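Residue numbers (full-length UniProt numbering): 1 to 139.
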């Protein structure tokens, strides 16, 4: 990733081709001590994996898209899970026919992508919620 610090808590830049959207962001967060924040991404991917959370079964159902697609929208947050940064993102993709795919971002191989990242001052943890089966924010 190539990010330029815009202010004390804001970054703007791009991913390198073939980077993974989540892995590269986690690496940047670890290197820059970003533990809580918000981000938005636009661009295109070569392939991607995303998931749908089955509320009855309380598990993610993964889907893979092994083709190029435009990132119509990708937004998410950074928080701590067991004191380590965790990226939680949702992704909406469009293929060359205009069909949309989306869900909880698992992985995506970048063709070209730009990111806005805002670091928050207050730390927010995630904890397992028994009712939903999800790791929810605990502000």
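Glycine residues also receive a C-beta, built at the ideal position from the N, C-alpha and C atoms. In this text, all values refer to a predicted model and were calculated from it rather than measured experimentally.
- Around the C-beta of residue 8, fewer than 16 other C-beta atoms lie within 10 Å, and the residue is accordingly described as exposed.
- Remark: C-beta atoms of residue 88 and residue 102 do not approach each other more closely than 8 Å.
- Beta-bridge partners assigned by DSSP to residue 135: 128.
- With distances taken between CA atoms, residue 119 lies nearest to 34 out of 27, 17, 104, 34.
- Excluding sequence positions up to five before and after residue 70, its CB lies within less than 7 Å of the CB of 44, 93, 94, all in the same chain and listed in chain order.
- Within the same chain, 85 come within 8 Å of residue 30 by CB-CB distance, once the 5 residues on both sides are set aside.
- The closest CA to that of residue 19, considering only 6, 12, 2, 77, is found on 2.
- Distances from the CA of residue 51 to each of 127, 138, 41, 65 were compared; the closest alpha carbon is that of 65.
- In the DSSP assignment, residue 34 falls outside any beta strand (DSSP E) and carries neither an H nor an E.
- Judged by DSSP secondary structure, residue 77 falls within the beta strand (DSSP E) whose first and last residues are 69-81.
- In this model, residue 79 and residue 96 are separated by some 34 Å (Cα to Cα).
- By the 16-neighbour rule on beta-carbons within 10 angstroms, residue 38 is exposed.
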